[in-house]
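Position one of the sequence shown corresponds to residue 20 (the working numbering), numbered consecutively onward.
In what follows, a single structure is set out as structure tokens and then discussed.
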Amino acid sequence: MAHKIAILGASGYTGAEMVRLVSTHPNMEIVALTADRKAGQSMAQVFPHLRHLDLPLLVKIGEVDFSGVDLVVCALPHATSQSVISALPRDMKVVDLSADFRLRDAAAYEKWYGQPHSAMDLQAEAVYGLPEFYRDQIREARIVACTGCNAATGQFALRPLIGAGVIDLDDIIIDLKAAVSGAGRSLKENLLHAELSEGYHAYGVGGVHRHLGEFDQEFSLIAGRPVSVQFTPHLIPANRGILATIYVSGDAQTVHDTLAQAYADEPFLQVLPFGEHPSTRHVRGSNFVHIGVVGDRRPGRTIVIAALDNLTKGSSGMAMQNANLMLGEEETTGLMLAPVFP
């Protein structure tokens, strides 16, 4: 019997991506879809690319009968999931795509998101949703907090290196380019075609980007002492994709060997041959991550480059991995689709 899935916030980009993925899963069935402003409409009206699917109408969250639901995916804005999840049945399995349960420390949450955490009792239940590193905890979890897409990209490149002690922890620079869909579907002046196309710009400069909270939390936990990376994201005029170019101090061959060994059995993490580097176009629409390692001309300096699709592996594909683990399914089910090229 198929697992019954409810997707809250289905009118956004990550919600639509979740619908796309769940619709091809052999053991999952979408039984409820919610939206706020678009409640009462069909998914075909909101996302015509999904018109071939037989889907329930979009409704308000309060209209959903959760009694027959096996797992809820929350694709809601930051600071919304805390109240929504608090109102769900206390035994309901939840995969949350917002930032509301990513940071374990209440003070850290308030620092990075500008308001107090309102559901610390639920935070105690939440598991950080990076499946390659937390899958055992995720299998047993009731609430899983998917990572930020930028945070995921940097962590895939750096976690094994920090854990193995093969790089200088005080000399890490993450220069990241992110596609515009990472900013969501809401209308914003700076995301208009005339203002975004034919150029790109840095944002969150100087250590103010919220995903630094995740880097600080996770890297410091691995290292057993505080780790602060330099991180500058840039918005590029593309619909999908993240490419992170990361500069570290460490032997390039050792860095490559460490990553290749760490990910040898991971189905979605592909470490390229030494000296090759990835492109966002090679992971588009897929759950794969490509990681390349190149030695700098200066001895002891290494460049690690990671690419993933922010809407798939960076959010909804990760959510599907987590849901598979929580429901006892094979982790890769519904996710082995090849990238779309060109």
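C-beta: ideal position from N, C-alpha, C; glycine also.
Taking the straight line between their C-alpha atoms, what separation do you get for residue i and residue j?
i: R121; j: G167; result: 8 Å
i: T53; j: D194; result: 36 Å
i: D189; j: P286; result: 31 Å
i: V146; j: A171; result: 15 Å
i: H44; j: R317; result: 48 Å
i: G59; j: S30; result: 11 Å
i: S216; j: R259; result: 14 Å
i: I255; j: T331; result: 18 Å
i: E36; j: V199; result: 15 Å
Would you say the beta carbon of residue i comes nearer than 7 Å to a heavy atom of the ligand NAD?
i: R39; result: This structure lacks the ligand NAD, and indeed carries no ligand of any kind.
So, helix, strand or coil for residue i, using DSSP?
i: V185; result: coil
i: C165; result: coil
i: L72; result: coil
i: P252; result: strand
i: D276; result: helix
i: A257; result: coil
i: S102; result: helix
i: Y153; result: helix
i: L330; result: coil
i: T33; result: helix
Do residue j and residue i come within 8 Å of each other at the CB atom, strictly closer than that value?
i: I261; j: K207; result: no
i: L346; j: N306; result: no
i: I104; j: A138; result: yes
i: S61; j: C93; result: no
i: H301; j: I324; result: no
i: I186; j: Y266; result: no
i: G34; j: I24; result: no
i: G304; j: P358; result: yes
What whole-angstrom Cβ distance do residue i and residue j have, given they're in contact under 8 Å?
i: F238; j: V246; result: 4 Å
i: G182; j: I241; result: 5 Å
i: Q280; j: V308; result: About 16 Å; that fails the 8 Å criterion.
Would you call the stretch 84-104 and the stretch 58-67 touching, i.e. three or more CB-CB distances under 8 Å?
no
Is the stretch 329-344 close to the stretch 156-173, with three or more CB pairs under 8 Å?
yes
Is the stretch 325-340 touching the stretch 178-187 in the sense that three or more CB pairs, one from each, lie closer than 8 Å?
no
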